[in-house]
Amino acid sequence: KAAEHRDALAQYNLGLMYADGRGVEKDEVQAAFWCRKAAEQGRVDAQNWLGCAYENGRGVERDDVRAAQWFLKAAEHGDAVAQYNMGLMYENGRGVEKDGVQAAAWYRKAAEQGRVEAQYNLAVMYLNGRGVETDEVCAFEWFCKAANRGDAGSCFGVGSMYENGRGVEKDIKQAVAWYRKAAEKGFATAKDKIEQLCLLKDDGSFAPSFEVAQQRARLLARAHAKKAYLRRFVHLVDRAPRDDEWNLTED
Numbered sequence: 006k007a008a009e010h011r012d013a014l015a016q017y018n019l020g021l022m023y024a025d026g027r028g029v030e031k032d033e034v035q036a037a038f039w040c041r042k043a044a045e046q047g048r049v050d051a052q053n054w055l056g057c058a059y060e061n062g063r064g065v066e067r068d069d070v071r072a073a074q075w076f077l078k079a080a081e082h083g084d085a086v087a088q089y090n091m092g093l094m095y096e097n098g099r100g101v102e103k104d105g106v107q108a109a110a111w112y113r114k115a116a117e118q119g120r121v122e123a124q125y126n127l128a129v130m131y132l133n134g135r136g137v138e139t140d141e142v143c144a145f146e147w148f149c150k151a152a153n154r155g156d157a158g159s160c161f162g163v164g165s166m167y168e169n170g171r172g173v174e175k176d177i178k179q180a181v182a183w184y185r186k187a188a189e190k191g192f193a194t195a196k197d198k199i200e201q202l203c204l205l206k207d208d209g210s211f212a213p214s215f216e217v218a219q220q221r222a223r224l225l226a227r228a229h230a231k232k233a234y235l236r237r238f239v240h241l242v243d244r245a246p247r248d249d250e251w252n253l254t255e256d
């Protein structure tokens, strides 16, 4: 009833209920209908929702241009999600002409409001000089902001910056620590980096522990080879020697 009396919040909430099938049968067309009414009255969250609906073809025909138009309305009213979405539209040239400068500008607006995805994307743009002048210090700072809020990709980014000394002094221990945080959050590539770096000295050479492990592996392989040979060809031996009975010294 409130929605029918032009209450923008009620219209938006009714749209969400249709979108999720809560209290009514799920109907994306009705969801878009009511969210549009709220959006046209200036309801910012409804404007962003309608932008997403046009972007993904939910309840309306897919239309990137209209998506960008609704995102822009919400973004100009300070909505961080819409600002991030505008960054994506400009970066990928969807609904607007591709423009790295505009993408970076919108990412920055969202990032400054704490939008983690925007902080990560802005860091990548600074790292690669897309839409902004290359600035590894800024890239490191934005990666850190997002990483400290738990973003796995940004944790990996901080680790990579420490590993390669980009934007920060090279520090392998810090690199491993940040890669470990990324790995704990499910970032699979980070596990490979941890294994690689744990076998390196600071100067990039193999760590002694790895050399020792290699030597022990070679000796053990030779010992097992001798054992297998005896089991196959020496029938007079009623049992093969135990591992601790072999002489594991190199010839």
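Under our numbering, the first residue of the sequence shown is numbered 6, with each subsequent residue one higher. Every residue, glycine too, gets a C-beta built ideally from N, C-alpha and C.
Report buried or exposed for residue i, applying the criterion of at least 16 other Cβ atoms within 10 angstroms of its Cβ.
{"i": "residue 25", "result": "exposed"}
{"i": "residue 88", "result": "buried"}
{"i": "residue 49", "result": "buried"}
{"i": "residue 90", "result": "buried"}
{"i": "residue 175", "result": "exposed"}
{"i": "residue 200", "result": "exposed"}
{"i": "residue 150", "result": "buried"}
{"i": "residue 154", "result": "exposed"}
{"i": "residue 120", "result": "buried"}
{"i": "residue 163", "result": "buried"}
Return the chain-ordered list of same chain residues with a C-beta closer than 7 Å to the C-beta of residue i, the five sequence neighbours on each side being excluded.
{"i": "residue 116", "result": "123, 124, 127, 147"}
{"i": "residue 107", "result": "95"}
Among residues of its own chain, excluding the 5 on either side of residue i, which ones have a beta-carbon nearer than 8 Å to its beta-carbon?
{"i": "residue 99", "result": "60, 69, 72, 73, 93"}
Leaving aside the five residues before and after residue i along the sequence, list all residues of the same chain whose C-beta is less than 6 Å from its C-beta, in chain order.
{"i": "residue 109", "result": "130, 136, 137"}
{"i": "residue 53", "result": "79, 84, 86, 87"}
{"i": "residue 198", "result": "184"}
{"i": "residue 22", "result": "28, 29"}
{"i": "residue 14", "result": "none"}
{"i": "residue 105", "result": "135, 136"}
{"i": "residue 152", "result": "159, 160, 163"}
Mind the definition here: the region 30 to 40 touches the region 51 to 63 only if three or more C-beta pairs lie below 8 Å; say whether that holds. yes
Just checking, does the region 27 to 36 make contact with the region 67 to 75 on the three C-beta pairs under 8 Å criterion? no
Complete runs of the beta strand (DSSP E) confined to the region 16 to 78 [at least 3 residues]: none
Unbroken stretches of the beta strand (DSSP E), 3 residues or longer, contained in the region 157 to 199: You should have found no qualifying run.
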